[in-house]
Every structure is written in C-alpha cells, then in structure tokens.
Amino acid sequence: MTKAESSREKGKDGTPLPAADRLPEIIRILKREYPDPKPFLHFRTPLEMLVATILSAQCTDKRVNLVTPGLFKKYPDARAYAEAGPGVLENDIRSTGFFRNKARNIRGAARKILDDFGGEVPATMDELLTLPGVARKTANIVLSNAFHKNEGIAVDVHVGRVSRRLGLSGHEDPVKIERDLLRLVPRKHWGDFNFWVVSHGRAVCRARKPDCGACPLRPGCPFPSSPRPR
C-alpha cells in the first residue's frame with residue numbers, strides 16, 4: 050500500500066477510520082489485488098452448483114472439484130439424485146467428508162426440487178432456503194454464481210475471519226456478519242465481495258499465520274494491534 054493509500058485509511062490521530070469510511074478503500078484494494086472474480090467450484094448448471102456447494106462444507110474446493118466431474122456425469126439431473134440409493138451416493142462422495150449427511154441433503158433437495166419446482170433449481174433466496182441442507186451461505190453462492198443474482202453475501206469461515214479482523218463485524222454468527230456487511234458493502238459488489246475476501250483470506254489473512262507484513266490492507270486494519278488472531 051502506498052503512503053497515500055495509508056493516509057486514506059487512518060484518522061488524524063493515526064488510528065483506523067470507522068468501518069464505513071474504510072470500506073471504499075478496502076474494496077478498491079481487494080479489487081486490484083484479485084481482479085478476476087470467478088467461482089471457486091466448477092459447474093455448468095444450477096443443480097451442479099448446488100450439489101458442489103453442499104459438498105464443499107468442511108471440505109476444500111480442490112477436493113470437491115476432483116469429485117464432481119464423475120459425479121455430475123453419473124447424476125445428470127435431480128431425478129438421478131433423488132432415485133440414487135443412499136449407500137451408492139454416500140460412496141460416490143465419501144472423500145468429501147460428512148458423506149452421510151451430505152448424501153441425505155442432496156437426495157432430499159433433489160426430491161424437493163422435483164416435487165415443488167418442476168425439476169429445476171429455484172432462483173430465489175426464499176425458495177432455496179426450503180431445500181434440505183441449504184442455508185444462507187449456500188443459497189447466496191448458488192444465486193450469485195448460477196443465476197447472477199445478488200440477494201446477499203455468502204459468509205464462510207474466510208469471510209467471517211477477515212471481516213472481524215478488518216473491523217467490519219464483531220460477530221461470530223454468519224447471519225449477523227452478513228447483516229453487518231450488507232449495511233456496509235454496496236449492492237453492486239455483493240457478488241464479488243465473497244470472492245475478494247475469500248481469496249485474501251486464503252492467500253494472506255490466513256487463520257493460523259496471517260501474513261500481515263505482506264497485506265495491502267494493513268495500514269488501515271485494526272487487527273495487527275489485537276492480542277491474537279481470530
């Protein structure tokens with residue numbers, strides 16, 4: 050970060066500005082550092098995005114992307130998932146972890162999609178939240194990536210951690226963190242904000258060993274003065 054950027058991030062006494070005042074500069078810097086927003090999970094259809102996102106819980110995107118090519122070929126539509134034997138689907142997704150719960154949610158969501166939505170993944174937040182295994186994070190990811198609709202900001206562990214360190218939210222609850230972010234982040238950036246912050250959380254603002262010395266956001270970040278990482 051340049052001296053000019055640093056001065057825009059701090060008040061006259063050298064302390065970080067309030068979150069609302071720092072947010073435009075945070076967005077500008079993140080947009081510069083991570084200029085090519087794109088989905089972390091590979092997919093071609095809304096159903097594939099939904100399934101991949103369910104699988105990504107407590108699993109790396111890299112692992113999910115290794116599993117899904119064969120899975121999507123074997124299960125081309127909601128009916129295929131709904132009619133799959135639970136043991137068969139569990140075995141197909143075993144390497145993603147928590148495979149019993151994930152298989153149950155995928156099959157349940159597929160049945161709901163068939164029964165209530167004509168076999169097509171619904172394209173609204175309220176409807177997505179009726180599907181088994183779908184909370185706001187999953188719904189936001191599906192809406193943003195598969196339908197290019199931004200009804201919120203997906204909050205995962207990276208978004209939660211970075212938001213707290215930057216002073217954008219003081220909460221642990223993802224729903225409350227999202228509420229804080231929606232008040233601060235302009236709607237036009239809701240979809241890209243998850244990509245920017247997740248990318249930054251993985252590359253620089255890591256959970257155990259954040260690289261604060263290399264962070265372009267450091268001059269305006271309250272975290273370096275905190276006693277320990279969160």
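If you count by the numbering used here, then the sequence shown holds residues 50 to 279, one letter each, in order.
Using N, Cα and C, we set each Cβ at its ideal position, and we do this for glycine too.
No experiment lies behind these values; they were computed from the predicted model shown.
Quick one: grab the DSSP three-state call for residue i.
i      : result
Tyr130 : helix
Glu227 : helix
Thr109 : coil
Pro88  : coil
Going straight from the alpha carbon of residue i to that of residue j, what length do you get?
i      : j      : result
Arg149 : Arg236 : 36 Å
Ala195 : Ile226 : 23 Å
Thr94  : Lys258 : 36 Å
Cys270 : Leu177 : 35 Å
Arg255 : Asp110 : 16 Å
Please identify the residue among the options whose C-alpha is closest to the C-alpha of residue i.
i      : options                        : result
Lys26  : Thr94, Trp245, Leu266, Glu221  : Lying outside 50 to 279, the shown extent of the chain, residue 26 is not represented and no answer is given.
Asp241 : Leu215, Pro223, Glu200, Gly269 : Glu200
Cys108 : Ala133, Ile142, Arg156         : Ile142
Thr173 : His220, Asp164, Asn154, His197 : His197
Arg185 : Arg251, Gly168, Ala203, Tyr124 : Ala203
His249 : Leu231, Leu230, Arg228, Ser212 : Ser212
Could you name the residues of the same chain whose beta carbon sits closer than 6 Å to that of residue i, not counting the 5 residues immediately before and after it, in chain order?
i      : result
Leu294 : Lying outside 50 to 279, the shown extent of the chain, residue 294 is not represented and no answer is given.
Met50  : The predicted position of Met50 is uncertain, since its pLDDT is 47 and thus under 50; a value taken from the coordinates is nonetheless stated next. Closer than 6 Å at the Cβ level, and outside the excluded window around Met50, lie Pro265, Pro268.
Asn189 : Gly201, Ala203
Is the beta carbon of residue i within less than 7 Å of some heavy atom of the ligand NAD?
i     : result
Phe92 : The ligand content of the structure shown is nil, which means the ligand NAD is not present either.
Could you check how far apart the C-beta atoms of residue i and residue j are, in whole angstroms? I think they sit under 8 Å.
i      : j      : result
Ala127 : Ile162 : 5 Å
Pro181 : Asn154 : 5 Å
Take residue i and list the residues in its own chain whose beta-carbon comes closer than 7 Å to its own, dropping the five residues that flank it on each side.
i      : result
Asn114 : Leu90, His91
Val205 : A small fix is needed here, since residue 205 is Asp in this sequence, not Val. Excluding residues within five positions, the ones whose Cβ falls inside 7 Å are Lys186, Val247.
Ser144 : Arg112, Val116
Quick check on residue i - is its C-beta less than 8 Å from some C-beta in chain C?
i     : result
Phe92 : The displayed structure is made up of one protein chain only, and chain C is not part of it.
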